[in-house]
Every structure is written in C-alpha cells, then in structure tokens.
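Undergrad: Protein chains in written order, with the numbering used here: chain A, 1 to 116; chain B, 1001 to 1115. Please see the structure below; I have some questions.
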Amino acid sequence: AQSVTQLGSHVSVSEGALVLLRCNYSSSVPPYLFWYVQYPNQGLQLLLKYTTGATLVKGINGFEAEFKKSETSFHLTKPSAHMSDAAEYFCAVSPGLSGGYNKLIFGAGTRLAVHP
Amino acid sequence: EAGVAQSPRYKIIEKRQSVAFWCNPISGHATLYWYQQILGQGPKLLIQFQNNGVVDDSQLPKDRFSAERLKGVDSTLKIQPAKLEDSAVYLCASSFERGGRNEQFFGPGTRLTVL
C-alpha cells in the first residue's frame, strides 16, 4: 500500500525566505510523485511531477523538488518566498509503471503562510 | 482550452436529504475522477471512470453514494441520504489517459455542508 506523510500542517515564512515543505512517501513499487497547490476556493493545480529520469524536478512559479529514493522523500523548495505563494500544498504518489491506473494518494497538506 | 467544470459550487442540505453534483471534464479526456476532500485532509479518491466504465470504486460508500458517466463525457455524483460526515469539498478531475504519469486537471469543487 502507498501512503504520503507531509511533515508540518502549517509552515510560516517571511517574504524572501526559503520555502521548504516536506514530503515522505511509502511505496512497494517505483512511484510517480507530484506536488499540487490549492488556492482558496479553487481546485488543485499541478506544480511539478517526478516520473523517471532526473531526480531534481523544476516546476512552475520557481518551485522545485528532489526525489531521494534512499530517503523516500520528495521535498518541495523555493529559494525566495513571495506573498502570492500563500496557499495549501499537497504531495501525492501514484503507483508508477507497475500500476495500470492513475490513482493518486494525497498527503494531508501543508498550509503555507507568507508574511511581510 | 476550457478547464474542468463543476456545479453547483456550494450546497447546503439537511441530513437525510439527497444531493447531486455535476462535472464536465476537459474535452477529449477519457479518464474522470471524483475525490472527497474533508476539511484538514487531502483529497481521497471516491471513484474513477475510464470512458463510461468504472475502473476503481473501492472507496465509494456504495450504500449512499452513486456515480455515473453514461455517455463517457460528463458525470454526476449523488449522495442519498446524506450524513453529517459527508460535509466536504467534492472535486472532479480528468486526465487524457489513465496511466500514472498523466496529469490530472481539477475543477474548482463543490462545497457540501450537511446540517
């Protein structure tokens, strides 16, 4: 069975500071990994994804994440936070090549607050 | 291109009443998903369609929830009768194919409050 753990339900940073949102997963097969962002009263939007290949993945809005198999982690980072980054962020895993279906398992989410 | 459309955006009902949600996926997307997002939690898959067939409904409470996608395009999700614990945001998503690498595109959701 697959699962996702996001450490820290709330993260607060200053504008211009580093953003680090943590995600650890468990999977019995090589996973595909995703980060989604959800702004208030909106649906989820894909930030970035790892499927195969390069383990450092760059996404939209200056975010990136690194797949570390040995640590079963896929942490999301951004060098300099902007006020517009305030939102809820979800890490998700799907079965990858062994799974025929695109079933996403989501973490509980991390709410990012950015203050001046 | 137009995104995933959902209606209504908000719904308030009394417990034991019935409610239905509608979703129109992105044109050409064969796979459609319904998720339940309870406050403070991540979305949980309720049901997944490939065209008009169900490929995963393992987490759908079938005694009260039902969903259909008769023509392989739009879909409805129904709850009958509703319970207090059904209060949540119901998200619809679609993807071009069912493979794990394919991005899912989400609609804005329907926020259901059961009183």
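A virtual CB, placed ideally from N, CA and C, is assigned to each residue, including glycine.
Distance check for Ile1038 (chain B) and Gly1109 (chain B), CA to CA, integer angstroms please.
TA: Each residue's alpha carbon lies about 12 Å from the other.
Undergrad: Do you know offhand how far Gly109 (chain A)'s Cα is from Trp35 (chain A)'s?
TA: The straight-line gap from Cα to Cα measures roughly 10 Å.
Undergrad: Among A:Val57, A:Gly16, A:Leu48 and A:Val4, which has the Cα closest to the Cα of Pro116 (chain A)?
TA: The option with the nearest alpha carbon to Pro116 (chain A) is A:Gly16.
Undergrad: Does the beta-carbon of Val151 (chain A) have 16 or more other beta-carbons within 10 angstroms, so that it is buried, or is it exposed?
TA: The structure shown does not extend to residue 151 (chain A), since chain A spans only 1 to 116, so no value can be given for it.
Undergrad: State the Cα-Cα distance for the pair Met83 (chain A) and Ala1067 (chain B), rounded to the nearest angstrom.
TA: Looking at the two C-alpha atoms, the distance is approximately 39 Å.
Undergrad: Here's the rule: buried if 16 or more other CB atoms are within 10 angstroms of the residue's CB, otherwise exposed. What is Gln42 (chain A)?
TA: Exposed: under 16 other Cβ atoms inside 10 Å.
Undergrad: Could you give the residue range of the beta strand (DSSP E) that holds Gly1053 (chain B)?
TA: Per DSSP, Gly1053 (chain B) belongs to the beta strand (DSSP E) from Gly1053 to Asp1056.
Undergrad: Cutting at 8 Å between CB atoms, please list the residues of its own chain near Glu1003 (chain B), excluding the five before and the five after it.
TA: Sequence inspection shows Gly at residue 1003 (chain B); the Glu mentioned does not correspond to that position. Correct list, in chain order: Ile1026, Phe1105 and Gly1107.
Undergrad: Let me know if Leu1060 (chain B) comes out buried or exposed under the rule of 16 or more other beta-carbons within 10 Å of its beta-carbon.
TA: The residue is buried, with at least 16 neighbouring Cβ atoms inside 10 Å.
Undergrad: Here's a check: name, in chain order, each residue in its chain whose Cβ is nearer than 6 Å to the Cβ of Ala1020 (chain B), leaving out the five neighbours to either side.
TA: Excluding sequence neighbours, Ala1020 (chain B) sits near Thr1076 and Lys1078.
Undergrad: Counting contacts by CB-CB distance shorter than 8 Å, is Phe1106 (chain B) in contact with chain E?
TA: The chain inventory of the structure shown lacks chain E, comprising the protein chains A and B.
Undergrad: Along the chain, where does the beta strand (DSSP E) that runs through Ala1088 (chain B) open and close?
TA: Counting along the chain, the beta strand (DSSP E) containing Ala1088 (chain B) begins and ends at Ala1088 to Ser1095.
Undergrad: For a contact defined as C-beta to C-beta under 7 Å, what are the partners of Leu46 (chain A) on chain B?
TA: Those within 7 Å of Leu46 (chain A) in chain B are Glu1103.
Undergrad: Is DSSP giving Ile1038 (chain B) helix, strand or coil here?
TA: Coil, per DSSP.
Undergrad: Taking the C-alpha atoms as reference points, what is the distance between Pro1081 (chain B) and Thr1113 (chain B)?
TA: Pro1081 (chain B) and Thr1113 (chain B): Cα-Cα distance of roughly 13 Å.
Undergrad: In the DSSP assignment, find the unbroken beta strand (DSSP E) run with Asn24 (chain A) in it and report its ends.
TA: Here the beta strand (DSSP E) through Asn24 (chain A) covers Val19 to Ser26.
Undergrad: Tell me whether Ser1007 (chain B) sits in a helix, a strand or coil according to DSSP, three-state version.
TA: In this structure, Ser1007 (chain B) counts as strand in the three-state DSSP scheme.
Undergrad: Have a look at His10 (chain A) and Leu21 (chain A) and give me their C-alpha separation to the nearest angstrom.
TA: Whole-angstrom Cα-Cα distance: 10 Å.
Undergrad: Which of the three DSSP states is assigned to Ile1047 (chain B) in this structure?
TA: Note: Ile1047 (chain B) maps to strand in three-state DSSP.
Undergrad: How would you call Val37 (chain A), buried or exposed, if buried means at least 16 neighbouring beta carbons within 10 angstroms?
TA: Under this definition Val37 (chain A) is a buried residue.
Undergrad: Check the Cβ-Cβ distances between Lys108 (chain A) and every residue of chain B, and say whether any is below 8 Å.
TA: Looking at the sequence provided, one finds Ala at residue 108 (chain A) rather than Lys. For Ala108 (chain A), the answer is yes, since a Cβ of chain B falls inside 8 Å of its Cβ.
Undergrad: Nearest chain A C-beta to Leu1091 (chain B) closer than 8 Å, yes or no?
TA: Answer yes: the Cβ-Cβ gap between Leu1091 (chain B) and chain A drops below 8 Å somewhere.
Undergrad: Beta-carbon of Gly117 (chain A) versus every beta-carbon of chain B: anything under 8 Å?
TA: This structure does not reach residue 117 (chain A), given that chain A is present from 1 up to 116, and the question cannot be answered.
Undergrad: Under three-state DSSP, which class holds Lys49 (chain A)?
TA: Here Lys49 (chain A) sits in strand by DSSP.
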